[in-house]
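In my numbering, the protein residues as written are 679 to 845.
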Amino acid sequence: MTAFNNLISRVKNIFGRKATPATNAATSAEPPTDISVVSDPRLKAALADIEKYLADNFGTPTAKLQYKKYTNGASLTSEDATFAVSLVILTTPNGAAHLPDNVLLLGGISSTNVVKWLSSELRKLTNFLMQLCPKHRIQHLAFAFDKTESDDPRFVKEADITCIRLY
Numbered sequence: 679m680t681a682f683n684n685l686i687s688r689v690k691n692i693f694g695r696k697a698t699p700a701t702n703a704a705t706s707a708e709p710p711t712d713i714s715v716v717s718d719p720r721l722k723a724a725l726a727d728i729e730k731y732l733a734d735n736f737g738t739p740t741a742k743l744q745y746k747k748y749t750n751g752a753s754l755t756s757e758d759a760t761f762a763v764s765l766v767i768l769t770t771p772n773g774a775a776h777l778p779d780n781v782l783l784l785g786g787i788s789s790t791n792v793v794k795w796l797s798s799e800l801r802k803l804t805n806f807l808m809q810l811c812p813k814h815r816i817q818h819l820a821f822a823f824d825k826t827e828s829d830d831p832r833f834v835k836e837a838d839i840t841c842i843r844l845y
């Protein structure tokens with residue numbers, strides 16, 4: 679699942695705003711990647727609900743989840759083979775692709791299961807996210823679509839974003 683390791687930074691690079699980690703911890707030790715790195719209580723609560731959804735529906739262990747805090751939001755990347763997902767919550771307006779603030783961006787989904795199963799689970803996830811966003815005062819749900827036909831999914835050269843205002 680190395681394709682998801684760099685997805686968040688690639689999405690932000692594509693759309694013109696580089697995300698810089700909000701903390702510059704010493705490089706002598708590996709920085710934490712669990713939910714504790716997210717300090718914003720609203721974002722932490724939303725990401726905890728998503729973590730619970732992944733655990734309840736796919737058995738995704740917390741060891742397969744990586745969180746990053748950025749100056750303009752936070753991200754969650756799952757490296758679970760059954761159902762891997764990459765999400766970003768942006769809190770600053772005019773960030774990636776000039777999106778407004780309070781945006782949950784779904785940047786990637788993959789699975790080792792068949793496409794029909796993945797399509798069904800993506801529909802369920804989308805419904806869950808549409809219910810989750812108002813609960814945590816996230817006004818927009820956005821989807822990133824890769825416009826390139828690369829043989830290597832780790833490289834996205836151009837993407838489109840569709841953004842839905844939920845309330």
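Backbone N, C-alpha and C fix where the C-beta goes; we use that ideal spot for every residue, glycine too.
message = I believe residue 820 touches residue 844 by the beta-carbon criterion, under 8 Å. Please report the beta-carbon distance rounded to the nearest angstrom.
response = About 11 Å separates the two Cβ atoms, so there is no contact after all.
inquiry  = I'd like to confirm the pairing. Which residues does DSSP put opposite residue 753 in its beta bridges?
reply    = Residue pairing from DSSP places residue 753 in a beta bridge opposite 746, 766.
request  = Please name the residue or residues paired with residue 786 in a DSSP beta bridge.
outcome  = The beta-bridge partner set that DSSP reports for residue 786 consists of 764.
query = CA-CA distance, residue 703 and residue 794?
reply = Interpretation of residue 703 is limited by its pLDDT of 48, a score under 50 that renders its predicted location unreliable; the figure taken from the coordinates is listed afterwards. One C-alpha to the other measures close to 43 Å.
request  = Identify every residue that forms a DSSP beta bridge with residue 840.
outcome  = BP columns for residue 840 point to 821.
key: Outcome for residue 785 when other beta-carbon atoms lying within 10 angstroms are tallied against a minimum of 16   = Flag for residue 785 reads buried.
query = Just curious, the alpha helix (DSSP H) that residue 845 is in, first and last residue?
reply = Membership of residue 845 in any alpha helix (DSSP H) is not indicated, and neither H nor E is assigned to it by DSSP.
inquiry  = Give me the residue from 809, 718, 725, 707 with the minimum Cα distance to residue 750.
reply    = It is 718.
ask   = Which residues in the same chain as residue 818 place their Cβ atom closer than 8 Å to its Cβ, once the five residues preceding and following it in sequence are excluded?
value = These residues qualify, in order along the chain: 777, 778, 780, 781, 782, 811, 841, 842, 843, 844.
request  = Alpha carbon to alpha carbon, how far is residue 761 from residue 798? Give it in angstroms, no decimals.
outcome  = A direct Cα-Cα distance of roughly 12 Å separates residue 798 from residue 761.
request  = May I ask you to report which of helix, strand or coil DSSP gives residue 715?
outcome  = Residue 715 carries a helical assignment under DSSP once its states are collapsed to helix, strand and coil.
key: Span of the alpha helix (DSSP H), counted from its first residue to its last, around residue 793   = Residue 793 -> alpha helix (DSSP H) spans 793 to 813.
query = Quick one: is residue 855 buried, meaning 16 or more other Cβ sit within 10 Å of its Cβ, or exposed?
reply = Nothing can be reported for residue 855, as the shown portion of the chain is limited to 679 through 845.
request  = Determine the closest residue to residue 722 out of 805, 800, 769, with distance taken between C-alpha atoms.
outcome  = For residue 722, the nearest C-alpha among the options comes from 769.
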